[in-house]
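**Q** Protein chains in written order, with the numbering used here: chain A, 1 to 281; chain B, 1001 to 1329; chain C, 2001 to 2543. Ideal Cβ positions, reconstructed from N, Cα and C, are used throughout, including at glycine. Before I ask anything, here is the structure I am working with.
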Amino acid sequence: MKRDSVSAMTWRRFQRSKLALGALAYVVVVALIALIAPMITVDPNAVDIASRLRPPDHTHRLGTDDLGRDVLARVIHGARVSLTVGLTATLISLLIGSFLGAIAGYYGGAADWLVSRLIEIVLCFPFLLLVLGIVALFRPSFITIMIALGLTSWTTEARFVRGEFLRIRDMEFAQAARASGARDARIIFRHLLPNAIAPVLVSASFGVASAILIESALSFLGMGVPPPTPTWGNILYSAEQHLEYAWWLAVFPGVAIFLTVAAFNIIGDRVRDALDPRSES
Amino acid sequence: MTSYVVRRLLYAVLTFIGITIAVFALVHAVPGDPITFYIGAHGAHNLSQPTLEAIRHEYHLDEPLVTQYLYWLRGVLRLDFGTSVVDHRYVTTRILEKLPNSVELNLIAFLVAAAIGVPIGLWSATRSGRPIERASAVLFFLLYSLPSFWVALLLMELFSVKLGLLPTFGMTSDEYLDLSAGQKLIDHARHLVLPVITLSYAQIAIFARFSKSALTEVIRQDYITTARAKGVAPRGVLWRHAFRNALIPLITLLGLTIPTLLSVGVITEQIFQWDGIGRLYFVSILTRDYPTVLGLTVVTAVVTLFASLLADILYAMADPRVRFEETAP
Amino acid sequence: MDGVKRFVVLLLLAVVACTNERPLPTVSTSEDLKKPQEGGTVVRRLQGDIATLNPVMAQSVNDRQVDYYLHTPMVHFDADLSAIPGLAEKWEISSDGRLYTSDGSNVTAGDVLFTLKKIIDPQTEAPQIAGAFDQLDLRTTRVVDPHTIVVGFKDGISPQLAHFNDLLVIPEHVYARGDFKIDFTSRVVGCGPYRLVRRVAGKEILLERRPEYWGPRPNLQRVLFKVIADDITAWNAMKRGEIDETIISTDTWLAEGRRPELQKFIDFRRFYTLNYNYIAWNNRDPVLGDKRLRRALAMCIDLKSIIENVYHGTARAMNGPFTPDQWAYNPDVPVIEYNPQEALRTLRSLGWLDTNKDGLLDKGGKPLKLEMLITAGSIASNPFAQLFQAELKKIGIELDVVPLDFATLIQRVLAGNYQCAYLSWNLDPDPDPFALFDSSQFPPRGQNFVFYSNPEADRLLEEGRREFDQTKRKKTYQQLHALLADDQPYTWTLQVSSKWAINKRIRDVKESKGWGLFQWFPGELGWWIPIDQRTHDVPLRRR
Chain A
1 MKRDSVSAMT WRRFQRSKLA LGALAYVVVV ALIALIAPMI TVDPNAVDIA SRLRPPDHTH
61 RLGTDDLGRD VLARVIHGAR VSLTVGLTAT LISLLIGSFL GAIAGYYGGA ADWLVSRLIE
121 IVLCFPFLLL VLGIVALFRP SFITIMIALG LTSWTTEARF VRGEFLRIRD MEFAQAARAS
181 GARDARIIFR HLLPNAIAPV LVSASFGVAS AILIESALSF LGMGVPPPTP TWGNILYSAE
241 QHLEYAWWLA VFPGVAIFLT VAAFNIIGDR VRDALDPRSE S
Chain B
1001 MTSYVVRRLL YAVLTFIGIT IAVFALVHAV PGDPITFYIG AHGAHNLSQP TLEAIRHEYH
1061 LDEPLVTQYL YWLRGVLRLD FGTSVVDHRY VTTRILEKLP NSVELNLIAF LVAAAIGVPI
1121 GLWSATRSGR PIERASAVLF FLLYSLPSFW VALLLMELFS VKLGLLPTFG MTSDEYLDLS
1181 AGQKLIDHAR HLVLPVITLS YAQIAIFARF SKSALTEVIR QDYITTARAK GVAPRGVLWR
1241 HAFRNALIPL ITLLGLTIPT LLSVGVITEQ IFQWDGIGRL YFVSILTRDY PTVLGLTVVT
1301 AVVTLFASLL ADILYAMADP RVRFEETAP
Chain C
2001 MDGVKRFVVL LLLAVVACTN ERPLPTVSTS EDLKKPQEGG TVVRRLQGDI ATLNPVMAQS
2061 VNDRQVDYYL HTPMVHFDAD LSAIPGLAEK WEISSDGRLY TSDGSNVTAG DVLFTLKKII
2121 DPQTEAPQIA GAFDQLDLRT TRVVDPHTIV VGFKDGISPQ LAHFNDLLVI PEHVYARGDF
2181 KIDFTSRVVG CGPYRLVRRV AGKEILLERR PEYWGPRPNL QRVLFKVIAD DITAWNAMKR
2241 GEIDETIIST DTWLAEGRRP ELQKFIDFRR FYTLNYNYIA WNNRDPVLGD KRLRRALAMC
2301 IDLKSIIENV YHGTARAMNG PFTPDQWAYN PDVPVIEYNP QEALRTLRSL GWLDTNKDGL
2361 LDKGGKPLKL EMLITAGSIA SNPFAQLFQA ELKKIGIELD VVPLDFATLI QRVLAGNYQC
2421 AYLSWNLDPD PDPFALFDSS QFPPRGQNFV FYSNPEADRL LEEGRREFDQ TKRKKTYQQL
2481 HALLADDQPY TWTLQVSSKW AINKRIRDVK ESKGWGLFQW FPGELGWWIP IDQRTHDVPL
2541 RRR
């Protein structure tokens, strides 16, 4: 099973969906905008209370927030933080999930048993308590939020990888590797993992979306990324106080979250279809 | 099968101890305790040290963590979860007061989501790739992408404030006690509408996806092809074989949904003033009400472990090919 | 202190009966819609469920709000915060201020003693009220006759009288039986103007007027408390007429208060209550220990602009531990003017210069970086902290704003493990700030968590609480006010007025200088609803 051909085929299949291509293009554009954010906007934290809660006009294209900060600048800078939080949290959960899932699936027995118990423990663990704990023990910042998200969301990935490992660990190529005397670590990470990672990547694309949503929910509970750092979630939350008369505060970050989360979901869905050798379309 | 269940129950006990130790350690590792919360909530005058000492002593806060945990575990074995540090009522009473409300709301939301999401998912599986199916898929992604507190407030603004069709908050109206049984049902149902929509709109999307992919998967299985080859009518195949098997992942989904309810529920509960355990959990964490936090952890853990066990058993019963094997939850 | 003197309060109880009996229904016959009419139900909002109906165990302002309907305190406050008779018809304070005496019937002096004993018993675990009677001396406290009690204290301090407002007497024959902490969370026997009909935990509390109430008869027949935790939900419920009153945010007040369709039925009120916001500076911090530096930082707060732009004039600048409504307030103390240039000059004179040209002031190779703790999710502290942060950045100081959940924040503050924190106080009616600034009151003993220590302040604080003559006390406190304003152990910032929305069907809603709508006499007892607007009167049935 050669990886190049698989990814090339996946890409060919992926391309067939205009919607998925559009979603991908959108994510790329947003990521680029986020990267060059400091170059294209004013300071997102520059307060000017004399012009607070101004509706959109030509100085502030998307209006100002409750401290007179430029909403456009905050939404663009918010993209940096929200995307970083989403991607990094997902990366953390990918790393933990694949590692534990691989160990459990490859060795089975006691390792599998332990990982399964660990998954159960994490599933029952009160998420809000964990966030509060991490934030209180370290410093509240978007990094702590990322870590908290990553530490709690790896169970899905672990289950997927474990399942895949159970399926492929006794396939010919794995046995061949073992016969050639490769060490376990090499077999797991060089031979098996690349073949087991596909469904995990799909779940990861949904993970990014859900991390962005969870961050906004945490903002509502006062446990999100601390000020003045803008995130889509905390801009949207600040709008909650002014919903009746400052529509621009709610609409723009809301649309940003909405489009981005949808884009990641569409990409994930399409990748999964494309990966499936039996899918017809 | 009995031995399998016994073994799983044994594991569940171990997991349970693991969870409680982890939560116990974390809740104590977070800075502040019930005493600091009392002091923080106190006005700008002096405090009574003997009283604070007495509270520390009653809740064993003056003893080492391990001892505290053992005290707690001993209580749990006797089904005594202690009393709340906030109002001194039994933790069991406090939880049982709110648990039915949470179960009701979440169960209805789950059923609504399933009742709408599953048929749509099955329908789209049979029409995979057609424009109408594509369009509905996109619609569901969009639904799923909306932050829940935002949706909740917009729903309230529209249906309660602007249109005046539904109540703003609470579980029943003021005059509830004077209504006839039928009116009570209607009154309560009206209060349920917005919280249920808030909790289920994203789940509908999840259900639709899950059931679509499950059915797609099943359709491609050999035995369906065999059934087709045997001349069973396509529709019959779909319902007799495919549908039943497509339900399996939904069982798994049910097992996975339960533990997230506590975290997800808090926002809906707060906005619609639905008196459930999600908000109790959140507030108890904030006030460092250790006994209540641990009591709620136990409830979640027991329900989750039970749901996971149940899912595995159902899984095995629904799919004869699955033997009773250890599976990850 | 001199241990020979006796602090006495002689409390004379009014003739009062405790009850949990059912009243007879009353029918209002008055047709005149201008004059107060009896009857009707008001629907009030509780910001959170109460912890208990046992007044000794009361935890939060929600508990208190309900308790004052069900019980009468020994001493009431009027709208101007003066102590007036409550359950105690009159009282005498011994010359050394250690004994108070009182008198009563049905509610007996024995009940008062019982309540006091419960309050100070550590096993009761009543942390919120026990401190108020910390100095109670059971050896000198005695029941003279059923109507008279002498309450003795180990120490004679003038703020003690105000704490008798916290003393809601419970009858011994009821509360002595059963588990004091658990059995009275949802049942109550009191001597207040209302009695409990039902409590549905997490949802509502329904009270009903007691016809045999001994005091002036309240107008409203029933009071229904609805628990609504979320402010936006409460405001939406208010707009729909589902509740009759709620506190609202300044921005809601400013924006929605202008809408004519809402003005038609909602009375938008604002008034000052006993509270203020402040920056607590850790006086033990090597950098912040210098009052010149603290004053320089205070010069970077543009209070005028904040009041103008954020609060549209609905807040006022604070300059010390007393609000302008308190008699202890010193009108001659100036507010520190906004002057970043002057602040920069001061900082330079203290050796803070930008030597490495990185935009931050530094001294001895260390940049001037401060960390300010705020309560996570707080609507008041968040904007202030960010404005302050922006101002300090302009003159080269980095302020790191750290939002923490309340218990974590308090834990760090009490442990002295912080540099500064943005907090607020709800004050007692007596202005005594001893627990906040006396050098004997460092945590865990008291609440001097800024670790402020100044012998002159200690002397004034002591003098102020020993003096029973208000004119003399006022002088002392005015000096203290000036001293604290100069020392800046806190930087006082704003007193933001409370904003309320009240349904116009509720008439004669008056406010006090103390707690606004709550806990003063006659306060809520004077409210009434015209007979044609009784929209929330449903037939009453019990569970």
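List, in chain order, every chain A residue whose beta-carbon is nearer than 8 Å to that of residue 2358/C.
**A** Here the premise fails: no neighbours, minimum Cβ distance about 18 Å.
**Q** Between which two residues does the alpha helix (DSSP H) harbouring residue 220/A extend?
**A** First-last of the alpha helix (DSSP H) with residue 220/A: 198 to 220.
**Q** Look at residue 73/A and residue 55/A and say whether their C-beta atoms are less than 8 Å apart.
**A** Result no, Cβ atoms of residue 73/A and residue 55/A do not sit closer than 8 Å.
**Q** Output yes if chain B places a C-beta closer than 8 Å to the C-beta of residue 2150/C; else output no.
**A** Output row for residue 2150/C: interface = no.
**Q** To the nearest whole angstrom, what separates the beta carbons of residue 1125/B and residue 1212/B, a pair I think is in contact under 8 Å?
**A** The pair is a contact, with the Cβ atoms about 5 Å apart (cut-off 8 Å).
**Q** How would you call residue 1995/C, buried or exposed, if buried means at least 16 neighbouring beta carbons within 10 angstroms?
**A** The shown model of chain C, from 2001 to 2543, leaves out residue 1995/C, and the question about it has no answer.
**Q** DSSP state of residue 86/A, grouped into three classes?
**A** DSSP places residue 86/A in helix when its eight states are reduced to three.
**Q** Let me confirm a value: residue 2082/C is counted as buried when at least 16 other C-beta atoms fall within 10 Å, else exposed. Which label applies?
**A** With fewer than 16 other Cβ atoms within 10 Å, it is exposed.
**Q** Would residue 2335/C and residue 2317/C be called neighbours here (beta carbons separated by less than 8 Å)?
**A** A contact, by the Cβ cut-off of 8 Å.
**Q** Please give me, in chain order, every unbroken run of the beta strand (DSSP E) with length at least 3 that falls completely inside the region 2244 to 2327 of chain C.
**A** Taking only runs of at least 3 residues, the beta strand (DSSP E) segments lying wholly in the region 2244 to 2327 of chain C are 2245 to 2248, 2266 to 2271, 2275 to 2281 and 2315 to 2317.
**Q** Just the chain B side, please: which residues come within less than 8 Å of residue 117/A by C-beta, in chain order?
**A** Under the 8 Å cutoff, chain B gives 1011, 1014, 1015 and 1018.
**Q** Of all the residues that make up the region 1036 to 1060 of chain B, which are near chain C by a beta-carbon distance shorter than 8 Å?
**A** If the cut-off is 8 Å between Cβ atoms, the region 1036 to 1060 of chain B has 1036, 1037, 1038, 1039, 1040, 1041, 1042, 1043, 1044, 1045, 1046, 1047, 1048, 1049, 1050, 1051, 1052, 1053, 1054, 1055 and 1058 near chain C.
**Q** For residue 2523/C and residue 2245/C, what's the separation of their Cα atoms in angstroms?
**A** About 14 Å.
**Q** Can you check whether the C-beta of residue 146/A is within less than 8 Å of a C-beta belonging to chain C?
**A** Not one chain C Cβ lies under 8 Å of residue 146/A.
**Q** Could you please tell me which residues of the region 2252 to 2265 of chain C, in chain order, have their CB closer than 7 Å to any CB of chain A?
**A** If the cut-off is 7 Å between Cβ atoms, the region 2252 to 2265 of chain C has 2255 and 2256 near chain A.
**Q** From 2136/C, 2425/C, 2089/C and 2344/C, pick the residue whose C-alpha is nearest to that of residue 2147/C; which is it?
**A** Nearest of 2136/C, 2425/C, 2089/C and 2344/C to residue 2147/C, Cα basis: 2089/C.
**Q** Could you please give me the residues that DSSP links to residue 2421/C through a beta bridge?
**A** DSSP, once it has assigned bridges, lists 2280/C and 2373/C as partnering residue 2421/C.
**Q** Considering only residues of the same chain and omitting the five flanking positions on each side of residue 2528/C, which have a CB-CB separation below 8 Å?
**A** For residue 2528/C, where only same-chain residues beyond five positions count, the Cβ hits under 8 Å are 2036, 2037, 2038, 2040, 2219, 2220, 2506, 2507 and 2508.
**Q** Against residue 220/A, what residues of chain B qualify as contacts under a CB-to-CB distance less than 7 Å, listed in chain order?
**A** Within chain B, the residues near residue 220/A are 1149 and 1267.
**Q** Does residue 1131/B get closer than 8 Å to chain A when you measure Cβ to Cβ?
**A** It does not; no Cβ of chain A falls within 8 Å.
**Q** For residue 47/A, go through chain C and note every residue whose CB falls closer than 7 Å to its CB, in chain order.
**A** Chain C residues near residue 47/A: 2386, 2387 and 2390.
**Q** Out of curiosity, what's the CA-to-CA distance linking residue 61/A and residue 70/A?
**A** Cα-Cα distance, rounded: 8 Å.
**Q** For the region 2160 to 2218 of chain C, list the alpha helix (DSSP H) runs that are entirely contained and at least 4 residues long, ordered along the chain.
**A** 2160 to 2163 and 2172 to 2175, all fully within the region 2160 to 2218 of chain C.
**Q** Report the option in 2259/C, 2514/C and 2448/C whose CA atom is closest to the CA atom of residue 1039/B.
**A** Residue 2448/C is the option with its Cα nearest to residue 1039/B.
**Q** Name the two residues that bound the continuous beta strand (DSSP E) containing residue 2398/C.
**A** From DSSP, the beta strand (DSSP E) with residue 2398/C extends over 2398 to 2404.
**Q** Got a sec: is the Cβ-Cβ distance from residue 2024/C to anything in chain B below 8 Å?
**A** Bear in mind that a pLDDT of 38 at residue 2024/C, under 50, signals an unreliable position, so the number given afterwards is only what the model happens to contain. Closer than 8 Å: no.
**Q** Are any of the Cβ atoms in chain B nearer than 8 Å to that of residue 209/A?
**A** Chain B, which has a Cβ nearer than 8 Å to the Cβ of residue 209/A, makes this yes.
**Q** Output yes if chain A places a C-beta closer than 8 Å to the C-beta of residue 2048/C; else output no.
**A** It does not; no Cβ of chain A falls within 8 Å.
**Q** Using a beta-carbon distance below 8 Å, is residue 281/A in contact with chain C?
**A** For residue 281/A, the predicted model reports a pLDDT of 40, less than 50, meaning its position is unreliable; a value from the coordinates is still stated below. No, its Cβ sits nowhere closer than 8 Å to a Cβ of chain C.
**Q** Would you call residue 2222/C buried or exposed, if buried means 16 or more other Cβ atoms sit within 10 Å of its Cβ?
**A** Its Cβ being crowded by 16 or more others within 10 Å, residue 2222/C is buried.
**Q** By DSSP, does residue 26/A sit in helix, in strand, or in coil?
**A** Residue 26/A: helix per DSSP, three-state reduction.
**Q** In the region 150 to 161 of chain A, which residues sit with their C-beta less than 7 Å from some C-beta in chain B, listed in chain order?
**A** Correct list: 159.
**Q** Taking 8 Å as the threshold (beta carbon to beta carbon), is residue 1068/B in contact with chain C?
**A** Not an interface residue.
**Q** Tell me whether the region 128 to 148 of chain A and the region 174 to 190 of chain A touch, counting them as touching only if at least three CB pairs, one residue from each stretch, are closer than 8 Å.
**A** As far as the Cβ criterion goes, the region 128 to 148 of chain A does not touch the region 174 to 190 of chain A, which means the pair count is below three.
**Q** In terms of residue numbering, what span does the beta strand (DSSP E) encompassing residue 2076/C cover?
**A** Element bounds for residue 2076/C: 2075 to 2077.
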